[in-house]
């Protein structure tokens, strides 16, 4: 199957002709409104309805960041914001993947209802995604689910954004890969499982996301350098780098203090050792 | 060592006060001028001198793309463009990493001379990087080499950009990772070596870059889906997706035809199979 990407202008024309509702997953980058691409800014200004999942906990900060982005980049305010109540997610579930799937299906059903009632035929809806919709975000899968259900006819498009991984590298001023080397991007849970089985010597560069337990503390004495960052792209950004054995305690302490002060933490890190 | 990132405005002020030359590695995204971030556009407009490595082969197309970016995003033309002759790289060398290192050292020496002669104290120089400077690009390492040599005093900063990997995912409208899964980003050469040793069952999602030999042809019959893209982000973009066994011959043929027609090819792909 060959799909030729249509230039943006034709895509706009076609959607209008077809009279199909369109939903954009717009990556807005990790925190800083300056991280939006020109493409994302232009997309924002075509949107009739922004669908926002109503979050708990870290919701207030995210709301404020979203408002800052719209205020700066779509000042015309020709859009509406529609809140979609977020289902509660079972974070203690042992079957993590199944729990995520259930939660996503429920989210899809709620978003589907909101699209049906709030977006007119030919209208453009959007979901703003922190970082990049392609990395550790469920929006693309939710839209796929709605399309599979077939209740609402929908076209969709993904607009990439700068992820926190990229900010981590940029602000530490290091590449993510070594010369001709590979990089593994992994959630903390999966790295922990991998460590239990033993880490292959050929794995030298690891980016760790969503790691509530700082699995890196189990990697002392193995020649790793660590580049750690919290609240990347925001005014509260903190970076720590150095030989893992030397700085990991500092990272553990800093992370705990930041989390207590702000009520939530969002961090990631790159682990690197010499290639064999 | 804790490094607190300075907000952009202070960083600008400090550099002027210190009277140190600054060189920015600016990620301009993969091809389309719309992919620049607002941060990158603002950076472009602070630049006194753009240093451009003079390439062979694909040079003409890249030159044109660079001109298009500057014309659109820095129309004031308050900058100069300085060409730095590119050393010839031994692409046949058996010691690939060593060859890359030699070539980088020579590039660093040439850039250093250009910075010394063309950039005044307190001036801002820049190197435009296709995609993201953090992924399979040598610019950060070249700047590190210049700083280590210590001949020219230099401050540097990295501005992230949308990589072709992100366009690959966005235009195929798929995430790079499965739910709670990891992703390996790897050059083709390294994947070939890995396949010779046998691919671990836990490796289910692989992004392959810089793969002259389409190593994916060796993965028939293993349940992979492939998302392939060439000239991502440009008007010539081509996408092919499907079960690897079904579409890989089409990819091989399309890639050969495109390469013949244009004289060069730039492509990447995502391999995906069910998580065990």
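Residue numbers (our numbering), protein chains in the order written: chain D, 636 to 911; chain E, 636 to 911. A virtual CB, placed ideally from N, CA and C, is assigned to each residue, including glycine.
Option nearest residue i by Cα separation, candidates the options
i                      : options                       : result
residue 847 of chain D : D:866, D:901 and D:820        : D:901
residue 777 of chain E : E:885, E:686, E:857 and E:850 : E:686
residue 713 of chain E : E:909, E:682 and E:910        : E:682
residue 760 of chain D : D:780, D:709 and D:659        : D:659
residue 804 of chain E : D:855, D:808 and D:771        : D:771
residue 825 of chain D : D:845, D:872 and D:808        : D:845
residue 745 of chain E : E:719, E:708 and E:792        : E:719
residue 905 of chain D : D:789, D:898, D:807 and D:892 : D:807
residue 688 of chain E : E:779, E:743 and E:656        : E:743
residue 861 of chain E : E:849, E:871, E:788 and E:677 : E:849
residue 851 of chain D : D:802, D:908 and D:883        : D:883
residue 903 of chain E : E:708, E:789 and E:798        : E:798
residue 751 of chain D : D:838, D:910, D:785 and D:736 : D:785
residue 675 of chain E : E:762, E:732 and E:733        : E:762
residue 768 of chain D : E:749, E:870 and E:802        : E:802
residue 755 of chain E : E:787, E:872, E:870 and E:879 : E:787
residue 898 of chain E : E:866, E:677 and E:722        : E:866
residue 631 of chain D : D:701, D:779, D:907 and D:894 : No answer is possible for residue 631 of chain D: it lies beyond the span of chain D, which begins at 636 and ends at 911.
residue 911 of chain D : D:891, D:789, D:864 and D:837 : D:837
residue 888 of chain E : E:863, E:908 and E:907        : E:863
residue 877 of chain E : E:891, E:890, E:896 and E:907 : E:907
residue 707 of chain E : E:680, E:891 and E:896        : E:680
residue 701 of chain E : E:766, E:891, E:890 and E:730 : E:766
residue 705 of chain D : D:730, D:881 and D:677        : D:677
residue 749 of chain E : E:737, E:789, E:879 and E:880 : E:789
Beta-carbon proximity of residue i to residue j, cut-off 7 Å
i                      : j                      : result
residue 773 of chain D : residue 739 of chain D : yes
residue 782 of chain D : residue 747 of chain D : no
residue 757 of chain D : residue 885 of chain D : no
residue 812 of chain D : residue 835 of chain D : no
residue 671 of chain D : residue 764 of chain E : no
residue 684 of chain E : residue 656 of chain E : no
residue 709 of chain E : residue 668 of chain E : no
residue 741 of chain D : residue 717 of chain D : no
residue 666 of chain D : residue 869 of chain D : yes
residue 875 of chain D : residue 842 of chain D : no
residue 775 of chain E : residue 722 of chain D : no
>> Taking 8 Å as the cut-off, does the stretch 809 to 820 of chain D touch the stretch 805 to 825 of chain E (at least 3 CB pairs, one atom from each stretch)?
In response: Yes: at least three Cβ pairs fall under 8 Å.
>> Beta carbons nearer than 7 Å to chain E: which residues of the stretch 830 to 852 of chain D have them?
In response: Residues of the stretch 830 to 852 of chain D with a C-beta less than 7 Å from any C-beta of chain E: none at all.
> What are the uninterrupted segments assigned as alpha helix (DSSP H) that are 4 or more residues long and contained completely in the stretch 657 to 688 of chain D, given in chain order?
Replying inline: Within the stretch 657 to 688 of chain D, the complete alpha helix (DSSP H) runs of at least 4 residues are 673 to 679.
> Would you call the stretch 697 to 717 of chain D and the stretch 829 to 837 of chain D in contact, with 3 or more CB pairs under 8 Å?
Replying inline: Segments in contact, no.
>> Check whether the stretch 844 to 862 of chain E and the stretch 845 to 864 of chain D are in contact - that is, three or more C-beta pairs closer than 8 Å.
In response: The stretch 844 to 862 of chain E is not in contact with the stretch 845 to 864 of chain D.
>> Using 8 Å as the cut-off, can you tell me whether the stretch 655 to 674 of chain E makes contact with the stretch 784 to 804 of chain E, which would need three or more C-beta pairs spanning the two stretches below that distance?
In response: Between the stretch 655 to 674 of chain E and the stretch 784 to 804 of chain E there are three or more inter-stretch CB-CB distances shorter than 8 Å, so the stretches are counted as touching.
> Name the residues in the stretch 793 to 808 of chain D whose C-beta lies less than 7 Å from a C-beta of chain E; which are they?
Replying inline: Answer set for the stretch 793 to 808 of chain D: 793, 794, 795, 797, 801, 802, 804, 805, 806 and 808.
>> I'd like the ranges of any alpha helix (DSSP H) spanning at least 4 consecutive residues and lying wholly in the stretch 807 to 836 of chain E.
In response: If you keep only unbroken alpha helix (DSSP H) runs of at least 4 residues inside the stretch 807 to 836 of chain E, you get 823 to 832.
> In chain order, what residues of the stretch 708 to 719 of chain D put their CB closer than 7 Å to some CB of chain E?
Replying inline: Those residues of the stretch 708 to 719 of chain D placed with their C-beta closer than 7 Å to a C-beta in chain E do not exist.
>> Beta carbons nearer than 9 Å to chain D: which residues of the stretch 762 to 773 of chain E have them?
In response: So the list reads 767, 768, 769, 770, 771, 772 and 773, given in the order they occur along the chain.
> Between the stretch 674 to 688 of chain D and chain E, which residues of the former have CB atoms less than 9 Å from a CB of the latter, in chain order?
Replying inline: Close to chain E, meaning a Cβ-Cβ distance shorter than 9 Å, are the following residues of the stretch 674 to 688 of chain D: 674, 675, 676 and 677.
> If you scan the stretch 730 to 788 of chain E from start to end, which runs of the alpha helix (DSSP H) of 4 or more residues do you find wholly inside it?
Replying inline: Segments of the alpha helix (DSSP H) lying fully in the stretch 730 to 788 of chain E: 731 to 753 and 774 to 784.
> Which residues, in order along the stretch 810 to 822 of chain E, keep a beta-carbon less than 9 Å from a beta-carbon of chain D?
Replying inline: Along the stretch 810 to 822 of chain E, going in chain order, the ones with a CB nearer than 9 Å to a CB of chain D are 810, 811, 812, 813, 814, 815, 816, 817, 818, 819, 820, 821 and 822.
>> Short of 8 Å Cβ to Cβ, which residues in the stretch 878 to 906 of chain E face chain D?
In response: Listed by position, the residues of the stretch 878 to 906 of chain E near chain D (Cβ gap below 8 Å) are 882, 885 and 889.
> Which of the residues in the stretch 725 to 754 of chain E, read from start to end, lie with their CB under 9 Å from any CB of chain D?
Replying inline: Going along the stretch 725 to 754 of chain E in chain order, one finds 731, 732, 735, 736 and 739 with a Cβ nearer than 9 Å to chain D.
> Hey, which unbroken runs of the beta strand (DSSP E) at 3 residues or more fall wholly within the stretch 838 to 887 of chain E?
Replying inline: Within the stretch 838 to 887 of chain E, complete beta strand (DSSP E) segments of at least 3 residues are found at 840 to 844, 860 to 865 and 873 to 878, given in chain order.
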